[in-house]
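Anchor point for the sequence shown: position 128 equals 135 in the numbering used here, and the numbering is continuous, going up by one each time. Just below is one structure, and these are the notes that go with it.
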Amino acid sequence: MLTKLTIPMPDDWHLHLRSGEMLNKVLPYSSQHFARAIVMPNLPSPVVTTNDAKKYRQEILNNLPEGHDFTPLMTLYMTENTDPEDVHLGFLKDDITAVKLYPAGATTNSDAGVKDLEKIYPVLEVMEQIGMPFLVHGEVVDVDVDIFDREAVFIETKLIPIRQRFPKLKIVFEHLTTKEGVDYVLSCNDNTAATITPHHLVINRNAMLVGGIKPHYYCLPVAKRELHRLALIKAATSGDKRFFLGTDSAPHLTTAKESSCGCAGIFNVANAISVITQVFDNEKALDQLEKFLSINGALFYGKTVNSQHMNLVRSDHALTIPKNIKTSKGVVTAFDPLIDVYWQVV
Ligand code: NCD
Ligand code: ZN
8 MLTKLTIPMP DDWHLHLRSG EMLNKVLPYS SQHFARAIVM PNLPSPVVTT
58 NDAKKYRQEI LNNLPEGHDF TPLMTLYMTE NTDPEDVHLG FLKDDITAVK
108 LYPAGATTNS DAGVKDLEKI YPVLEVMEQI GMPFLVHGEV VDVDVDIFDR
158 EAVFIETKLI PIRQRFPKLK IVFEHLTTKE GVDYVLSCND NTAATITPHH
208 LVINRNAMLV GGIKPHYYCL PVAKRELHRL ALIKAATSGD KRFFLGTDSA
258 PHLTTAKESS CGCAGIFNVA NAISVITQVF DNEKALDQLE KFLSINGALF
308 YGKTVNSQHM NLVRSDHALT IPKNIKTSKG VVTAFDPLID VYWQVV
């Protein structure tokens with residue numbers, strides 16, 4: 008049995024770092040295990056211009072623990088007023104890496120999101136020309152669409168038309184949760200890729216709803232039924248270069264989640280690498296692990312694979328769940344994967 012592994016240092020291609028004290032408390036968990044991360048722009052006052060992104064990047068760097076080698080890759084929050092010229096210049100100067108689409112109202116802090124997709128076509132035209140990735144939160148928000156169908160309907164009504172109109176645009180379908188999503192990505196060429204989260208690889212909707220309502224398993228897109236989880240496992244462990252890790256780690260205070268109207272988001276970076284390695288081990292796919300964690304995303308984003316390395320060891324006893332994070336406003340609950348995890352970063 009394999010008990011030791013060395014892989015190139017992983018990257019996280021979808022991460023919520025927040026700001027202020029929360030940023031300060033959660034950042035070390037990312038910067039200890041990841042060399043780079045795509046930082047989501049959905050702050051309460053969203054990151055909408057390159058100037059906003061530069062300020063936010065500086066705030067992140069100011070909070071980086073000494074000795075941690077971590078590069079935040081910044082994104083803009085797409086609005087109907089996003090300026091194509093600002094996007095173009097920001098990308099050329101390496102101040103921003105991608106632009107994120109949140110359909111208005113789809114998730115946390117998404118009120119400023121896009122209602123009319125045609126309004127962003129001038130930005131997409133520029134992005135297609137310069138090879139800049141377009142990141143999509145792939146859910147429709149129509150009141151008459153069932154929440155478990157939002158991703159599948161988004162593919163049919165939004166993504167396919169965008170893809171037809173912009174055939175060369177690099178698109179990342181973020182936090183894939185369905186078999187329909189996996190099948191869609193597989194039907195595309197190399198311009199379409201998808202991130203997959205650790206939690207969607209280990210939980211289905213039962214984790215959230217059976218035996219009482221479990222708010223710490225509530226995130227968006229919401230976990231689906233088991234057949235979808237199995238499709239995600241197959242995609243992630245296949246080694247196919249279109250699938251890579253985006254943790255979607257999204258910290259909220261425990262009090263904001265344990266509420267009559269609880270927030271969506273799971274804080275998972277404290278054990279993300281261990282959980283994913285365990286999933287690959289259980290699937291007898293450890294030989295594909297580095298593609299999912301460290302190679303496929305870098306190649307899609309046109310970056311070099313990290314030269315630093317990470318060592319993992321399989322211990323003979325199951326690890327304990329990471330401790331909750333303390334802030335002056337209360338704790339953040341860390342993700343419990345509900346499976347035995349033996350792999351540890353050393
Ligand atoms: C994210 C958050 O809290 O910012 N929540 C989540 O459930 N994933 C937003 C998002 O990515 O949808
Ligand atoms: Zn997210």
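Just so you know, even glycine gets a beta-carbon here, dropped at the ideal spot from N, CA and C.
The beta-carbon distance between H23 and M47, rounded to whole angstroms, is 5 Å. This is short enough to meet the 8 Å contact definition.
Around the beta carbon of C226, 16 or more other beta carbons lie within 10 angstroms, which makes this residue buried. Within 7 Å of the C-beta of M29 there is not a single heavy atom belonging to ligand 2. Sorting K264, V179, A238 and K248 by C-alpha distance to the C-alpha of I220 places K264 at the top. Taking C-beta atoms as the reference points, L345 and A214 count as a pair closer than 8 Å. Counting the other Cβ atoms within 10 Å of the Cβ of I137 gives fewer than 16, which makes it exposed. With respect to the C-alpha of Q65, the residue from V33, P53, D102 and K32 having the closest C-alpha is D102. Per DSSP, reduced to three states, the secondary structure at H95 is helical.
Taking all protein chains in view, the Cβ of I154 is surrounded by fewer than 16 other Cβ atoms within 10 Å, so the residue is classified as exposed. In chain order, the residues positioned with their C-beta nearer than 6 Å to some heavy atom of ligand 1 are H23, N49, T114, T115, H144, C226, L227, D255, A257, A271 and G272. For H182, the distance from the CB to the nearest heavy atom of ligand 2 is below 7 Å. Around the beta carbon of A325, a 10 Å sphere encloses fewer than 16 other beta carbons of the protein chains shown; the residue is thus reported as exposed. Counting the other CB atoms within 10 Å of its CB gives R232 a total below 16, which places it among the exposed residues. Between A105 and N313, the C-beta spacing is not below 8 Å. The shortest CA-to-CA distance from G74 to any of E187, E290, P35 and N198 is the one to P35. Taking the C-beta atoms as reference points, F173 is found no nearer than 8 Å to E125. Assignment of Y84 by DSSP, reduced to helix, strand and coil, places it in the strand class. Take G246, set aside five residues on each side of it, and the residues of its chain with a beta-carbon closer than 6 Å to its own are Q295 and K298, in chain order. Close CB contacts of L208 within its chain, under the 8 Å cut and outside five residues either way in sequence, are with R236, L239, I240, A243, V282, I283 and V286 (chain order). Between H316 and M16, the C-beta gap is smaller than 8 Å, which places the two residues in contact. Under the criterion of beta carbons closer than 8 Å, S37 and V320 do not qualify as touching, at roughly 21 Å.
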